[in-house]
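Chemist: In this note's numbering, the protein residues as written are -1 to 286.
1. From what residue to what residue does the alpha helix (DSSP H) around residue 53 run?
2. Anyone know if the C-beta pair for residue 79 and residue 91 falls short of 9 angstroms?
3. Report the three-state DSSP secondary structure of residue 214 (helix, strand or coil).
4. Got a sec? Which residues, its chain only, sit under 7 angstroms from residue 71 by beta carbon, not counting five neighbours each side?
5. Look up residue 140 in the DSSP assignment and give the residues it is bridged to.
6. Buried or exposed for residue 130, going by 16 or more other Cβ atoms inside 10 Å?
7. So what's residue 257 in DSSP terms, helix, strand or just coil?
8. Can you tell me the Cβ-Cβ gap for residue 205 and residue 165, rounded? I've got them flagged as a contact below 8 angstroms.
9. Given residue 221, which residues of its chain have a CB within under 7 angstroms of its CB, disregarding the five upstream and five downstream residues?
10. From residue 121 to residue 148, what distance separates their C-alpha atoms?
11. Terminal residues of the continuous alpha helix (DSSP H) containing residue 40?
12. Give the DSSP bridge partners of residue 27, in chain order.
13. Am I right that residue 127 and residue 81 are in contact with their C-beta atoms under 8 angstroms? What's the rounded C-beta distance?
14. Which residues mark the beginning and the end of the alpha helix (DSSP H) in which residue 179 is found?
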């Protein structure tokens, strides 16, 4: 990183950066415990313009607890957002081996409820993965990174990873719901669908309608499969099924799929203390 060539947000410097990529950076405002997300320059500003409009839409419609809170614009193209000091969810799932079933299901419910709200205000996320879900100190899941998203039918500005890519029309709620199925699978097993397969292999399998087995995940597995098979009309329907499973209190889990790298432990309470590493929490905030 060439410190002399970096254009920092007003009032911030190298010590404040918590994420940096080819198109922009994220800085922590320690005083307010918020983050500033800015492009390097005007040539990279398109995604931030979209993200700003989307967050303004969220606020106009009352906001949602499952989304990073928006605190307004910053400088010409930047935005100020809630700082979630935990790991991003993908990092947490790969590094923690003792996350209880109840906690995992809680994340699924929170993400699904947030996505239902997102769709209700005419936004398609377009890049729904565990890398774009962030955790608060209380381990609540917050959906973020709307820089490549669609507002009122606008084009997507992002290409989703193959393990979450709908084999149909990508600019659709069904594509987000398909990706949600992969997110739920990742949360419940600890790995993304078809982990270890090449991108080309995954695309071919999905196009043929061949998906990883979810039978060992009981009713949650049935929800995942329905997401992949486009059997849900809305994210709200997915949320209702997840909440019914939570209310049932009996997940009927058998064995963890072979792709999982650690056991799922069924616990009444799944609150897990995690070591907070500032730079890890925002290592994947949409900058490539």
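Glycine is no exception: its CB is placed at the ideal position from the N, C-alpha and C atoms.
These numbers come from a predicted model, not from an experiment.
Modeler: In brief:
1. First-last of the alpha helix (DSSP H) with residue 53: 44 to 58.
2. Residue 79 places its beta carbon 9 angstroms or farther from that of residue 91.
3. Three-state DSSP puts residue 214 in a helix.
4. Excluding residues within five positions, the ones whose Cβ falls inside 7 angstroms are 50 and 77.
5. According to DSSP, which records beta bridges pairwise, residue 140 is partnered with 132.
6. Result: buried.
7. Legend: pLDDT at residue 257 = 41, less than 50; position of this residue unreliable, no value from coordinates given.
8. At roughly 5 angstroms, the Cβ-Cβ gap stays under 8 angstroms, so residue 205 and residue 165 are in contact.
9. Correct list, in chain order: 182, 236, 239 and 240.
10. Roughly 6 angstroms between the two C-alpha positions.
11. For residue 40, there is no enclosing alpha helix (DSSP H), as DSSP marks it with neither H nor E.
12. Beta-bridge pairing links residue 27 to 32.
13. Contact between residue 127 and residue 81 does not hold, since their C-beta atoms are separated by about 20 angstroms, which reaches or exceeds 8 angstroms.
14. Looking at the DSSP string, the run of the alpha helix (DSSP H) that includes residue 179 is 171 to 187.
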